Amino acid sequence: METRPFDLVVLDLDGTILDLFRHTAITPRVQATIARVQAAGIPVTIGTGRTLDYVRGYIGPLEITTPVITTQGAVIGDPVTGHVLAEQDIPLAEAREIAAWIDEMAPVSVFYFLDESGRTHIAQNRHGPEPDLYDHVFGTPRTLVGPFAGLLVDDGAHPPIKFITVNDPRTEPDYAPLLKTRFADRLTITRTHPQLVEGTAQGIDKG
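Heads up: the sequence shown at position 132 corresponds to 131 in numbering that gives the first Met the number 0, and the numbers run straight through without jumps.
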């Protein structure tokens with residue numbers, strides 16, 4: 000009996016099959032390579048910081064049907080139907096604390112919220128000097144909401160699944176180690192891009 004070299008292939012999007020800094024299409028070469036892997040009986044899926052909505056809109060030509068890991072691991076979903084199979088929100092207390100920190104420090108930042116239908120809504124705190132970059136790395140559409148604290152003030156507020164903060168350590172202090180120290184065992188903090196720091200619930204990442 001011939002054994003397969005792999006049981007599963009998990010691919011990132013940005014920096015792997017897509018450009019890290021600008022919007023590009025998936026190349027025919029990548030499509031053909033993934034098709035050959037699937038034809039060999041090896042399932043292929045995606046593990047990305049992008050939202051389920053974004054992934055579904057992008058990977059149709061790849062004919063991936065295996066559940067995808069999205070939103071930095073906070074959402075696992077069916078790429079065909081859009082059904083959310085698993086969701087892990089940031090705990091409300093930590094979400095309020097990070098919102099207060101962002102409101103105080105004022106970096107360009109976004110919160111990602113998942114609604115009851117499984118759609119992602121992106122809230123942005125303020126405009127910044129690189130709107131094209133934000134469109135690419137945050138996703139669209141986004142709603143400009145101002146300070147984040149007001150989004151989470153109610154006892155029944157629905158917390159975000161992820162946040163992203165713009166931070167370029169070449170020109171300003173590196174927020175990643177600062178946030179890792181502050182939130183220690185309460186949140187997973189990751190630098191996912193030369194200019195981005197992301198946060199999810201503790202233990203949640205895209206693997």
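The C-beta atom is built at its ideal place from N, Cα and C for all residues, glycine as well. Only a predicted model underlies this, so the values are computations on that prediction, with no experimental measurement involved.
### Query
Helix, strand or coil for I220 per DSSP?
For residue 220 there is no data in the structure shown, the boundaries of the chain being 0 and 206.
### Per DSSP, the bridge partner or partners of A122
To locate residue 122, count along the sequence shown from 1; it is residue 123. BP columns for A122 point to F110 and T142.
### Query
Do the CB positions of L12 and R49 come within less than 8 Å of each other?
The count along the sequence shown starts at 1 and reaches residue 12 at position 13. The count along the sequence shown starts at 1 and reaches residue 49 at position 50. A contact, by the Cβ cut-off of 8 Å.
### Message
Buried or exposed for A200, going by 16 or more other Cβ atoms inside 10 Å?
### Response
Residue 200 sits at position 201 when you count from the first residue of the sequence shown. With 16 or more other Cβ atoms from the protein chains shown falling within 10 Å of its own Cβ, A200 counts as buried.
### Nearest-angstrom Cα separation, counted from G145 out to R118
Along the sequence shown, one-based indexing puts residue 118 at 119. Along the sequence shown, one-based indexing puts residue 145 at 146. Going from the Cα of R118 to the Cα of G145 covers about 22 Å.
### Query
Given a threshold of 16 other Cβ atoms within 10 Å of its Cβ, counted over all protein chains shown, does G198 qualify as buried or as exposed?
Along the sequence shown, one-based indexing puts residue 198 at 199. Answer is buried; the Cβ neighbour count reaches 16.
### Query
What three-state label does DSSP hand L17 in the structure shown?
Taking the first residue of the sequence shown as position 1, residue 17 is located at position 18. Correct three-state label for L17: strand.
### Query
Excluding five sequence neighbours on each side, which residues of the same chain lie with their C-beta closer than 8 Å to the C-beta of T23?
The count along the sequence shown starts at 1 and reaches residue 23 at position 24. The residues are L17.
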